[in-house]
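Reading the sequence shown from the start, the letters are residues 42 to 232 in our numbering. Idealized CB from N, CA, C, for every residue including glycine. Since this is a predicted model, take the numbers as computed values, not measurements. All remarks here apply to the structure that follows.
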Amino acid sequence: MANRTSSTAQSVHGTDPQFLIETTFRQRIYDSLYWKDQCFGLTVTGVMEKAAALTSLGGCYGASRKPTDFLCLLLKLLQLQPTRPMLHELINQHDFKYMRALALLYFRLTESSVDIYQTLEPLYQDFSKLRMRCDGGEFEIVRMDEFVDILLREKQACFVTLPVLTRRMMLEDTGQLAPRISPLDEDSDSE
42 MANRTSSTAQ
52 SVHGTDPQFL
62 IETTFRQRIY
72 DSLYWKDQCF
82 GLTVTGVMEK
92 AAALTSLGGC
102 YGASRKPTDF
112 LCLLLKLLQL
122 QPTRPMLHEL
132 INQHDFKYMR
142 ALALLYFRLT
152 ESSVDIYQTL
162 EPLYQDFSKL
172 RMRCDGGEFE
182 IVRMDEFVDI
192 LLREKQACFV
202 TLPVLTRRMM
212 LEDTGQLAPR
222 ISPLDEDSDS
232 E
């Protein structure tokens, strides 16, 4: 099962979950040594053990666009499709920040707009530092709230094109989401 989606996996946004990562990058992941050596035969539990050992996040880097371990584990999660309660457990745990970031990116790729806003917005309060590998191979520090903001506002994260997210304002207008109350608004009200 090295490069196939689990037979029990459901389609995501009408397609095989692996296809959420573009063909070029998916092929680079399949050809990478980390994928062949570390990801072969992994279960969801094994992926979480590997994610707990991550020291950075990112997509592809260097002149040859080598995929990061983070991106390889994301593709493996897309193959395996963890259960929703397991995913929420990974997002709500505070001990392994890169595991949390991996679960957040997976959640952003696979879930509905309403669920994404309800799950990711509370994490604007998480200011954990993350090392992100840039295109050139160097690292930069981003905070978890910045990463969440990228997931909610940008079209790409870690070289993965994110599915279109329904605007929050539209979801509020249709009654699917309550208006967001910023902690900054709460602070100004108390003064």
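In this structure, 188 is the residue among 210, 188 and 95 with its C-alpha nearest to the C-alpha of residue 165.
Contact between the segment 67 to 84 and the segment 153 to 170 is absent, with fewer than three C-beta pairs closer than 8 Å. The beta-bridge partner set that DSSP reports for residue 181 consists of 173. Around residue 83, the same chain offers 91, 117 and 121 as residues with beta carbons nearer than 8 Å, after the five sequence neighbours per side are excluded.
DSSP places residue 195 outside any alpha helix (DSSP H), giving it a letter other than H or E.
When the five nearest sequence neighbours on each side are left out, the beta carbons in the same chain lying within less than 8 Å of the beta carbon of residue 175 are those of 99, 102 and 181, in order along the chain. Annotation: residue 137 is outside any alpha helix (DSSP H) and is labelled neither H nor E by DSSP.
Residue pairing for residue 201: DSSP places it in a beta bridge opposite 198. Taking the Cα positions, residue 72 is about 13 Å away from residue 110.
The alpha-carbon separation between residue 44 and residue 57 amounts to approximately 12 Å.
In terms of Cα proximity to residue 178, the closest of 205, 204, 131 and 105 is 105. Around the beta carbon of residue 211, fewer than 16 other beta carbons sit within 10 angstroms, so the residue counts as exposed.
Per DSSP, the unbroken alpha helix (DSSP H) holding residue 118 starts and ends at 110 to 121.
Taking the C-beta atoms as reference points, residue 112 is found nearer than 8 Å to residue 199.
Beta-bridge partners assigned by DSSP to residue 53: 56. Residue pairing of residue 150 in beta bridges, as defined by DSSP: absent, with no partner found. Residue 94 counts as exposed, since fewer than 16 other beta carbons sit within 10 angstroms of its beta carbon.
Across the structure, residue 157 and residue 148 are spaced so that their CA atoms are roughly 7 Å apart.
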